[in-house]
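Asks: Residue numbers (the numbering used here): 329 to 804. Virtual Cβ for every residue (Gly too), placed ideally from N, Cα, C. First the structure, then my questions, so here it is.
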Amino acid sequence: MTTKREKRDPYLWEALISILGLIVFISLAILRYETDPQVPILLGVFVAALIGMRAGFSWKDIETGMLNGITNALQAIVILLIIGILIGVWILSGVVPTLLYYGLQILNPKIFLPATLIICSITSLATGSSWGTSGTIGIALIGIGDGLGFPLPVVAGAVLSGAYFGDKMSPLSDTTNMAPAMVGTDLYTHIKHMTYTTGVSYGLTLVIECALSFFYGGGKANLESINQILAGLDAQFSINPVLLLPPVIIMALAFRKIPAVPGIAIGILAAGVLGVIFQGNNFGNLLSAAYGGYVSNSGVEVVDNLLTKGGLESMMYTVSLIICAMMFGGIMEKTNQLRVVVAVILKKAQTTGSLITATILTAVGSNLILCDQYMSIVMTGKMYAQAYADKGLHPKNLSRAIEDSATVTANLVPWNSGGAYQAATLGVPTIAYLPWNFFCWLTPIVSMLYGWFNITIDPLDEKVETPDMVTEQDSV
329 MTTKREKRDP YLWEALISIL GLIVFISLAI LRYETDPQVP ILLGVFVAAL IGMRAGFSWK
389 DIETGMLNGI TNALQAIVIL LIIGILIGVW ILSGVVPTLL YYGLQILNPK IFLPATLIIC
449 SITSLATGSS WGTSGTIGIA LIGIGDGLGF PLPVVAGAVL SGAYFGDKMS PLSDTTNMAP
509 AMVGTDLYTH IKHMTYTTGV SYGLTLVIEC ALSFFYGGGK ANLESINQIL AGLDAQFSIN
569 PVLLLPPVII MALAFRKIPA VPGIAIGILA AGVLGVIFQG NNFGNLLSAA YGGYVSNSGV
629 EVVDNLLTKG GLESMMYTVS LIICAMMFGG IMEKTNQLRV VVAVILKKAQ TTGSLITATI
689 LTAVGSNLIL CDQYMSIVMT GKMYAQAYAD KGLHPKNLSR AIEDSATVTA NLVPWNSGGA
749 YQAATLGVPT IAYLPWNFFC WLTPIVSMLY GWFNITIDPL DEKVETPDMV TEQDSV
């Protein structure tokens, strides 16, 4: 008669095998064979599952972990699909072409990059969504930058720096609400405490973007190229300032705290109606663009490359990547493999600076391993909440460290849901825009320095209750 094997926490070396296995498989696929990462991630899933079963977890446990991981990503997947629809419909209806048309005439090359940073910052602050910002204003700015002669990775870096500034500072953002909820502090205390580190990293980014704008835009804009783009847009679309209404509607709805999905849906409907009026579209055209995206046939290569995109179908690659990644992350969480690694880290974190550094590195590592910023926020918050309380540190220090790392670095990982989405939306590979996305890699560095030099690291107020560890059900 067989006996049921007793569960145990994996050994450190076992957990490291899962992590290293994933890294090796993905590295070989991307760097050596230049192929897609989905199947290599599934190989990592297989290794993590074997380690989990070796530790006494049943296949049912493993399967539950995978399904929980996918479930945690469903909201992101729904938003991803609906933004794909939005991009297709907005291009067909002339919204994106109108943004491009007026932007090329207004934005000067010498101020283009800092203007891009500020425009995306304001949009993301208003909507609370980095994904929504890059999927609407972002793709228009990519086209304007291309027309002005800027390298696309540089423009994408400015777009994402602004988008993720707003995502981490807006009270409408889901990550900005999630981080303080995980550790036991309130939203506005969290936002106020983030201004110290975020202000420095944003200021540095703005200075760098100004310098780059003078470097790349120091000469005269290529007027011939710009005129070709304008002619290509004129040939396909009826340009009218009324077509700027859908972005305004989405921002207005966000200010009224309308949730992302219905807000974006209303933006799609508004663009659809305007497309019928100004472009002569019919219902069939709208359905085709919503599913398959828009195909540009202007004869101007830069216009066709920019506007041939969008649609629900265009997001399926990214959805498959997210699902595979979340299967791995779900197993790592369910079988406590990540907890084992963090427990070793906590033993080494004896000072405030080392604790904050460990928090940030754990969040970044979680983005690499769990492949989703939401899981990174939840896991890091759950693991370190008690450690901060034991050291007499206010929980807002932890929530700031989490947002200064988990939120902003997700888009720097090609197989993370954030990195996969941004690359697909902006048409620039993650590795290409990574070095130019100054805000997102400066912020965790600034935050660690604040920890080591004890700058704005506040002690635990006696009035603040020590937060209990968040349960898995609460985190979901």
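Grouping DSSP H, G and I as helix and E and B as strand, with all else coil, what is Lys520?
Replies: Indexing the sequence shown from 1 puts residue 520 at position 192. DSSP places Lys520 in helix when its eight states are reduced to three.
Asks: Can you check DSSP and say which residues form a bridge with Lys637?
Replies: For the purposes of this step, residue 637 is identified with residue 309 of the sequence shown, where counting begins at 1. Answer is Tyr622, bridged to Lys637.
Asks: Just curious, the alpha helix (DSSP H) that Gly755 is in, first and last residue?
Replies: In the sequence shown, residue 755 corresponds to position 427, counting from 1. No alpha helix (DSSP H) contains Gly755, which DSSP labels as neither H nor E.
Asks: Could you have a look at Leu488 and say whether DSSP puts it in helix, strand or coil?
Replies: Numbered from 1 along the sequence shown, position 160 holds the residue referred to as residue 488. Reduced to three states, the DSSP call for Leu488 is helix.
Asks: What whole-angstrom Cβ distance do Met660 and Ser355 have, given they're in contact under 8 Å?
Replies: Taking the sequence shown and counting its residues from 1, one reaches residue 660 at position 332. Taking the sequence shown and counting its residues from 1, one reaches residue 355 at position 27. At roughly 18 Å, the Cβ-Cβ gap does not stay under 8 Å, so Met660 and Ser355 are not in contact.
Asks: Within this structure, are the beta carbons of Leu401 and Leu445 separated by less than 7 Å?
Replies: Here residue 401 is taken as the residue at index 73 of the sequence shown, counted from 1. Here residue 445 is taken as the residue at index 117 of the sequence shown, counted from 1. What sits at residue 401 in the sequence shown is Ala, not Leu. Cβ atoms of Ala401 and Leu445: not closer than 7 Å.
Asks: Between the Cα of Val774 and those of Thr753, Ile688 and Met711, spot the shortest distance and give me the residue it belongs to.
Replies: Residue 774 sits at position 446 when you count from the first residue of the sequence shown. Answer by Cα proximity: Ile688.
Asks: Does the region 693–705 come into contact with the region 416–434, if we say contact requires no fewer than three beta-carbon pairs (one atom in each stretch) closer than 8 Å?
Replies: No, the region 693–705 does not touch the region 416–434.
Asks: Comparing C-alpha positions only, which one of Leu602, Ser529, Ala671 and Asp732 sits nearest to Tyr712?
Replies: In the sequence shown, the residue the question calls residue 712 occupies position 384. It is Ala671 whose Cα lies nearest to the Cα of Tyr712.
Asks: Taking 8 Å as the threshold, find out whether the region 620–638 comes into contact with the region 715–734 through three or more Cβ pairs.
Replies: They do not touch, by the three-pair rule.
Asks: To the nearest angstrom, report how far apart Gly603 and Ala738 are at their CA atoms.
Replies: Here residue 603 refers to the residue found at position 275 of the sequence shown. Here residue 738 refers to the residue found at position 410 of the sequence shown. Straight-line Cα distance between these residues: approximately 35 Å.
Asks: Compute the Euclidean distance between the alpha carbons of Lys675 and Pro574, then round it to the nearest angstrom.
Replies: Mapped onto the sequence shown, residue 675 falls at position 347. Mapped onto the sequence shown, residue 574 falls at position 246. Roughly 52 Å separates the two Cα atoms.
Asks: Is Gly612 near the ligand MN, with its Cβ less than 6 Å from a heavy atom?
Replies: Among the ligands in the structure shown, none appear at all, so the ligand MN cannot be discussed.
Asks: Can you have a look at Ile785 and say buried or exposed, based on whether 16 or more other CB atoms are within 10 angstroms of its CB?
Replies: As a working note, residue 785 is residue 457 in the sequence shown. Per the 10 Å Cβ criterion, buried.
Asks: What are the uninterrupted segments assigned as alpha helix (DSSP H) that are 4 or more residues long and contained completely in the region 402–451, given in chain order?
Replies: Runs of the alpha helix (DSSP H) inside the region 402–451: 402–420 and 423–434.
Asks: So what does Pro787 bridge to, in DSSP terms?
Replies: In the sequence shown, counting from the first residue as 1, residue 787 sits at position 459. According to DSSP, Pro787 bridges with Leu721.
Asks: Quick check on the burial criterion: 16 or more other C-beta atoms within 10 angstroms. Buried or exposed for Glu537?
Replies: Along the sequence shown, read from residue 1 onward, the residue named residue 537 stands at position 209. Buried is the call here.
Asks: Distance check for Ala491 and Thr451, CA to CA, integer angstroms please.
Replies: Here residue 451 corresponds to residue number 123 of the sequence shown, with the count starting at 1. Here residue 491 corresponds to residue number 163 of the sequence shown, with the count starting at 1. Spanning the two alpha carbons is a distance of roughly 8 Å.
Asks: Does DSSP classify Glu342 as helix, strand or coil?
Replies: Working through the sequence shown from its first residue, we reach residue 342 at position 14. In the structure shown, Glu342 sits in a helix (DSSP, three-state: H, G or I).
Asks: Which same chain residues, not among the five before or five after Arg336, have their C-beta less than 8 Å away from its C-beta?
Replies: Translated into the one-based positions of the sequence shown, residue 336 becomes position 8. If we look at Arg336 and ignore the five residues flanking it on each side, its Cβ neighbours are Ala383 and Gly384.
Asks: Report the residue from Ile596, Leu614, Glu334 and Val482 whose alpha carbon sits nearest the alpha carbon of Gly545.
Replies: Taking the first residue of the sequence shown as position 1, residue 545 is located at position 217. Residue Val482 is the option with its Cα nearest to Gly545.
Asks: Could you pull the start and end residues of the alpha helix (DSSP H) that Ser648 belongs to?
Replies: If you number the sequence shown from 1, residue 648 lands on position 320. First-last of the alpha helix (DSSP H) with Ser648: Met644 to Lys662.
Asks: When burial is assigned at 16 or more other CB atoms within 10 Å of the CB, is Ile472 buried or exposed?
Replies: Position 144 of the sequence shown holds residue 472. With 16 or more other Cβ atoms within 10 Å, it is buried.
Asks: Less than 7 Å separating the beta-carbons of Thr753 and Gly463?
Replies: Translated into positions along the sequence shown, residue 753 becomes position 425. Translated into positions along the sequence shown, residue 463 becomes position 135. Yes, these two residues count as a Cβ contact at 7 Å.
Asks: Look up Gly693 in the DSSP assignment and say whether it is helix, strand or coil.
Replies: As a working note, residue 693 is residue 365 in the sequence shown. In this structure, Gly693 counts as helix in the three-state DSSP scheme.
Asks: Does the Cβ of Leu348 have 16 or more other Cβ atoms within 10 Å, making it buried, or fewer, making it exposed?
Replies: The residue labelled residue 348 in the question sits at position 20 within the sequence shown. Its Cβ having fewer than 16 others within 10 Å, Leu348 is exposed.
Asks: Where Ala580 and Val669 are concerned, what is the direct C-alpha to C-alpha distance, given to the nearest angstrom?
Replies: On the sequence shown, position 252 is the one that residue 580 refers to. On the sequence shown, position 341 is the one that residue 669 refers to. If I take the Cα positions, the gap works out to 44 Å.
Asks: If you drop the 5 nearest sequence neighbours on each side, which residues of the same chain put their C-beta closer than 7 Å to that of Arg333?
Replies: Looking up residue 333 in the sequence shown gives position 5. Around Arg333: Gly384.
Asks: Measuring only the C-alpha atoms, how far is Val367 from Ile439?
Replies: Walking along the sequence shown from the start, residue 367 turns up at place 39. Walking along the sequence shown from the start, residue 439 turns up at place 111. So the alpha carbons of these two residues sit roughly 43 Å apart.
Asks: Short of 8 Å in beta carbon distance, which residues of its chain neighbour Met776, apart from the five on each side in sequence? Order them along the chain.
Replies: The residue given as residue 776 occupies position 448 in the sequence shown. Taken in chain order, the residues that qualify are Gly681, Ile684, Thr685 and Ile688.
Asks: What is the rounded straight-line gap between the Cα of Gly652 and the Cα of Ile369?
Replies: For the purposes of this step, residue 652 is taken as the residue at position 324 of the sequence shown. For the purposes of this step, residue 369 is taken as the residue at position 41 of the sequence shown. Note on residue identity: the sequence assigns Cys, not Gly, to residue 652. Going from the Cα of Cys652 to the Cα of Ile369 covers about 6 Å.
Asks: With burial defined as no fewer than 16 other Cβ atoms inside 10 Å of the residue's Cβ, what is the status of Leu307: buried or exposed?
Replies: Outside the modelled stretch of the chain, which goes from 329 to 804, sits residue 307, for which no answer is possible.
Asks: From this set, Phe767, Ser745, Asn782 and Ile419, which residue's C-alpha is nearest Gly657's C-alpha?
Replies: Sequence index remark: in the sequence shown, residue 657 carries index 329 (1-based). Residue Ser745 is the option with its Cα nearest to Gly657.
Asks: Out of Met506, Ile783, Tyr530 and Gly620, state which residue places its alpha-carbon closest to the alpha-carbon of Gln701.
Replies: Against the sequence shown, residue 701 aligns to sequence position 373. The residue with the shortest Cα to Cα distance from Gln701 is Met506.
Asks: Mind checking which residues open and close the alpha helix (DSSP H) that includes Phe766?
Replies: Along the sequence shown, one-based indexing puts residue 766 at 438. From DSSP, the alpha helix (DSSP H) with Phe766 extends over Phe766 to Trp780.
Asks: Determine the DSSP secondary structure at Tyr530, reduced to helix, strand or coil.
Replies: Sequence index remark: in the sequence shown, residue 530 carries index 202 (1-based). Residue state, collapsed to three classes: helix.
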